[in-house]
Amino acid sequence: IKGDVALHYRANNNLELSYNYRIGAGSSVYQGSERYALRNLSQEFHKLEARGSNYFIRAYGSFTNAGDSYNLTALGALANEGFAPSSAAWVPTYLGTYAGTVIGAALQNGLNVDQLEQLPNYAAITALAHQEARASADALMPAAGSPEYQAIIEQVRTNLFQSGGAGFIDNSRLYHAEFNYDFDPLINDKTLSLMVGGNFRQYSLFTDGTIFNEDPDGTGVNQRINIDEYGGYFQASKRLLPGERLKLTGSLRYDKNENFDGQVSPRVSAVYSAGADRQYNFRASYQTGFRNPTTQDQFIFFPTTNTIIGGTPANAERYGLYGPGGSWTLNSYNQFVGALLSGASQEQAFSLLENADVAYVQPEQLKSFELGFKGVFNGDLMVDLNWYYNTYNDFLGEQLVVNQNEVIHKGAVYAQSLLAGGSPRTFALKTNFKEELTSWGIGLGLTYRLSTHLEAFGNYSFADFSLDEAAEGGDLIAGFNTPNNRYTIGVTGRKLSKHFGFNVAYRWQEEFYYASSFGRSNMPSFGVLDASVSYRIPDLKTVVKLGGTNLGGPDYRTNVGNPFIGQMYYISLTFDEFMPR
Numbered sequence: 066i067k068g069d070v071a072l073h074y075r076a077n078n079n080l081e082l083s084y085n086y087r088i089g090a091g092s093s094v095y096q097g098s099e100r101y102a103l104r105n106l107s108q109e110f111h112k113l114e115a116r117g118s119n120y121f122i123r124a125y126g127s128f129t130n131a132g133d134s135y136n137l138t139a140l141g142a143l144a145n146e147g148f149a150p151s152s153a154a155w156v157p158t159y160l161g162t163y164a165g166t167v168i169g170a171a172l173q174n175g176l177n178v179d180q181l182e183q184l185p186n187y188a189a190i191t192a193l194a195h196q197e198a199r200a201s202a203d204a205l206m207p208a209a210g211s212p213e214y215q216a217i218i219e220q221v222r223t224n225l226f227q228s229g230g231a232g233f234i235d236n237s238r239l240y241h242a243e244f245n246y247d248f249d250p251l252i253n254d255k256t257l258s259l260m261v262g263g264n265f266r267q268y269s270l271f272t273d274g275t276i277f278n279e280d281p282d283g284t285g286v287n288q289r290i291n292i293d294e295y296g297g298y299f300q301a302s303k304r305l306l307p308g309e310r311l312k313l314t315g316s317l318r319y320d321k322n323e324n325f326d327g328q329v330s331p332r333v334s335a336v337y338s339a340g341a342d343r344q345y346n347f348r349a350s351y352q353t354g355f356r357n358p359t360t361q362d363q364f365i366f367f368p369t370t371n372t373i374i375g376g377t378p379a380n381a382e383r384y385g386l387y388g389p390g391g392s393w394t395l396n397s398y399n400q401f402v403g404a405l406l407s408g409a410s411q412e413q414a415f416s417l418l419e420n421a422d423v424a425y426v427q428p429e430q431l432k433s434f435e436l437g438f439k440g441v442f443n444g445d446l447m448v449d450l451n452w453y454y455n456t457y458n459d460f461l462g463e464q465l466v467v468n469q470n471e472v473i474h475k476g477a478v479y480a481q482s483l484l485a486g487g488s489p490r491t492f493a494l495k496t497n498f499k500e501e502l503t504s505w506g507i508g509l510g511l512t513y514r515l516s517t518h519l520e521a522f523g524n525y526s527f528a529d530f531s532l533d534e535a536a537e538g539g540d541l542i543a544g545f546n547t548p549n550n551r552y553t554i555g556v557t558g559r560k561l562s563k564h565f566g567f568n569v570a571y572r573w574q575e576e577f578y579y580a581s582s583f584g585r586s587n588m589p590s591f592g593v594l595d596a597s598v599s600y601r602i603p604d605l606k607t608v609v610k611l612g613g614t615n616l617g618g619p620d621y622r623t624n625v626g627n628p629f630i631g632q633m634y635y636i637s638l639t640f641d642e643f644m645p646r
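Numbering of the sequence shown is given in our numbering, commencing with residue 66 and proceeding in unit increments.
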């Protein structure tokens, strides 16, 4: 359910004041590193704005309430422990039954257990052993749907995460204020444009310790985490050459987040218009930018399959996982374990361990070059062509590591030290790639007017990136997640007759490799056909539209873990009081 209301007041011809309120509420499923059931989630939004002919000042805030939401992975794992604790019941029962079946088969054949592999039906014996062991262990668990089963599910679902349950709290807030002032009315030069602007933002995070690390030292009080940032910019543009056919634009922006160094972002662009009617436009730009780590990248502490830790010193320094001597790469640790299981000496196994030397998280840096053309030929064919090349440094991601030293959280031992003979944990540390990542691509858009009210259109894009394959396939996850080739073709008739119109479009993308902390896999290619027809009713100032998406199927998905997308059919009524008769 969504709704909004606004009040606008025109103080005079040059000033309008407004207040806007929005609210959204409902239930859904969210997927990130884990999958979350969002239940009775709500979010409110308030905005105040003053807008003049050449300036605006606005302030807004959003307020979140996670309601009865919970983590599905935690629900499954903790409920299983509630049904039959692994170490005390389920695992011993499984192993005992499995061993009994295998030993019995060996005795029946007059063999030792280690000789069973010689039998031609060895695979059938182990399959039967697993089946019987699983049945015996699962017999300890209540039947699905029984009162005992439902009671444990409900208990885990309603208890809070990191306190024996799967539920989580999110009462976070965001406050933002910004302004923009255009000097054009004050400048007696129609070829020159100047503007300035700035903003302030505060993230106010509160999850009561269920997601963010609000009480890392175990004081017993979870306090809000506030993150302040501000920025300002100046932009100038100038029209040159006879007929003002060349427009040059430059801007300079400065941004500062309290947890990171200030960022300076210069940008320049040029647009040249050629042709008698300026119908051919060439553009070029060089831009720099940055991406601050998200609030979770900075302050999360989430003990799931891999404990996720935000990478700012204010959050992570106390755990000793970052920097040299803090952790080992996960790949080298797996090799270490494999060597021990294969009978290698401890000295040989320890020699396989590699220091991860993970750096604290920093803003991601971007440099981008772009060339483009947009023009109309013979009044019927519009062409939009562009090429870009991006260079990323300090690309944001996460690295999987195993702790070297003892890790203390909330005043208690959270992960033991392998060096002291204990059992370490796997951590997903928010950090930046040391490797430089580049991406590049082209885009082509075509629109051809077949008749006054009938157009054919199409677009094609190619995108690719480069990164050390060993890094992408190992402990680092870039998450580029974009197919190389995509295209769309279609025909649209806005007004074939006085009342009828239609639109038909086919879009396709090729197979690509998807990688995230949730999962990695090749995503198959797919093509989708969408179509709609519309009928105008001038007397009612209404357009009736009948349409469908993914007509004829088959179902498809766009990334690992997402639900399949099927077909949607709809009828819409659009009322427009200004519709011409």
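Just so it is clear, CB atoms sit at the ideal spot from N, CA and C, and this is done for glycine as well. Everything numeric in this text was worked out from a predicted model, so none of it was measured.
{"Item": "Should Glu534 go down as buried or exposed, given a rule of 16 or more other Cβ atoms within 10 Å for buried?", "Value": "Residue placement at Glu534 cannot be trusted, given a pLDDT of 48 that sits under 50; the coordinates are not used to answer."}
{"Item": "Using the C-alpha atoms, what's the distance from Ala543 back to Glu537?", "Value": "In this prediction, Glu537 has a pLDDT of 43, which is less than 50 and means its spatial position is unreliable; what the coordinates show is noted afterwards. Going from the Cα of Glu537 to the Cα of Ala543 covers about 6 Å."}
{"Item": "Tell me where the beta strand (DSSP E) around Tyr374 begins and ends.", "Value": "It is Ile, not Tyr, that sits at residue 374 in the sequence shown. Here the beta strand (DSSP E) through Ile374 covers 372-374."}
{"Item": "By alpha-carbon positions, which one of Lys563, Ile218, Ile190, Ser581 ends up nearest to Thr547?", "Value": "Ser581"}
{"Item": "Around the C-beta of Gly256, are 16 or more other C-beta atoms found within 10 angstroms, so that it is buried, or is it exposed?", "Value": "The sequence given here has Thr at residue 256, not Gly. Flag for Thr256 reads exposed."}
{"Item": "Between the segment 366-373 and the segment 443-455, do three or more beta carbon pairs fall short of 8 Å?", "Value": "no"}
{"Item": "Indicate whether Arg104 and Ser134 have their beta-carbon atoms separated by less than 8 Å.", "Value": "yes"}
{"Item": "Per DSSP, what kind of secondary structure is Arg383 in: helix, strand or coil?", "Value": "helix"}
{"Item": "Let me confirm a value: Lys563 is counted as buried when at least 16 other C-beta atoms fall within 10 Å, else exposed. Which label applies?", "Value": "exposed"}
{"Item": "Rank Val167, Leu80, Leu239 by C-alpha distance to the C-alpha of His111 and give the top, closest one.", "Value": "Leu239"}
{"Item": "Could you tell me which residues DSSP puts in a beta bridge with Gly229?", "Value": "Answer by DSSP bridge pairing: none, since Gly229 is not bridged."}
{"Item": "Should Ala144 and Ile234 be called a contact, given that it needs their Cβ atoms to be closer than 8 Å?", "Value": "no"}
{"Item": "Alpha carbon to alpha carbon, how far is Ser410 from Gly487?", "Value": "17 Å"}
{"Item": "Can you tell me where the beta strand (DSSP E) with Ser92 in it begins and where it stops?", "Value": "80-96"}
{"Item": "Going by beta-carbon coordinates alone, are Leu502 and Leu532 separated by less than 8 Å?", "Value": "yes"}
{"Item": "Which class does Val598 belong to by DSSP, given the choice of helix, strand or coil?", "Value": "strand"}
{"Item": "Measuring alpha carbon to alpha carbon, tell me which residue in Leu137, Glu294, Phe492, Asn627 is nearest Asn470.", "Value": "Phe492"}
{"Item": "To which residues of the same chain is Ala76 closer than 8 Å at the C-beta, ignoring the five residues directly before and after it?", "Value": "Leu82"}
{"Item": "Spatial neighbours of Thr223 within its chain, please: C-beta separation below 7 Å, excluding the five flanking residues on both sides.", "Value": "Gly230, Gly232"}
{"Item": "Return the residue from the list Arg100, Ser92, Asn85, Tyr95 that minimises the CA-CA distance to Leu113.", "Value": "Asn85"}
{"Item": "Does DSSP put Ala493 in a helix, in a strand, or in coil?", "Value": "strand"}
{"Item": "Do the segment 297-317 and the segment 270-280 meet, that is, are 3 or more Cβ pairs less than 8 Å apart?", "Value": "no"}
{"Item": "Work out the CA separation of Asn380 and Phe364 for me, nearest whole Å.", "Value": "6 Å"}
{"Item": "I want to know whether the segment 440-449 touches the segment 413-431 - three or more CB-CB distances under 8 Å.", "Value": "no"}
{"Item": "Which whole-angstrom value describes the C-beta separation of Thr166 and Leu193, a residue pair presumed to lie in contact below a C-beta threshold of 8 Å?", "Value": "6 Å"}
{"Item": "Can you give me the C-alpha to C-alpha distance between Leu483 and Ala477, rounded to a whole angstrom?", "Value": "17 Å"}
{"Item": "Taking only the alpha-carbon atoms, compute the straight-line gap between Asp249 and Phe640 and give it to the nearest angstrom.", "Value": "38 Å"}
{"Item": "Using the DSSP secondary-structure output, state which residues sit across from Glu213 in a beta bridge.", "Value": "Paired residues: none, contrary to the question."}
{"Item": "If you follow the alpha helix (DSSP H) that Pro157 is in, where does it begin and where does it stop?", "Value": "156-173"}
{"Item": "Under the three-state reduction of DSSP, which class applies to Asp69: helix, strand or coil?", "Value": "strand"}
{"Item": "On the DSSP bridge list, what partners appear for Thr314?", "Value": "Ser302, Ser334"}
{"Item": "Can you tell me whether DSSP reads Val221 as helix, strand or coil?", "Value": "helix"}
{"Item": "Where do the ends of the alpha helix (DSSP H) carrying Thr191 lie?", "Value": "187-203"}
{"Item": "Would you grab the beta carbon distance between Gly617 and Met633 for me? Rounded to a whole angstrom, and I think it's under 8 Å.", "Value": "In fact, because the Cβ distance is near 13 Å, the residues do not count as touching under 8 Å."}
{"Item": "Would you call the segment 619-630 in contact with the segment 581-594, where contact means no fewer than 3 C-beta pairs closer than 8 Å?", "Value": "yes"}
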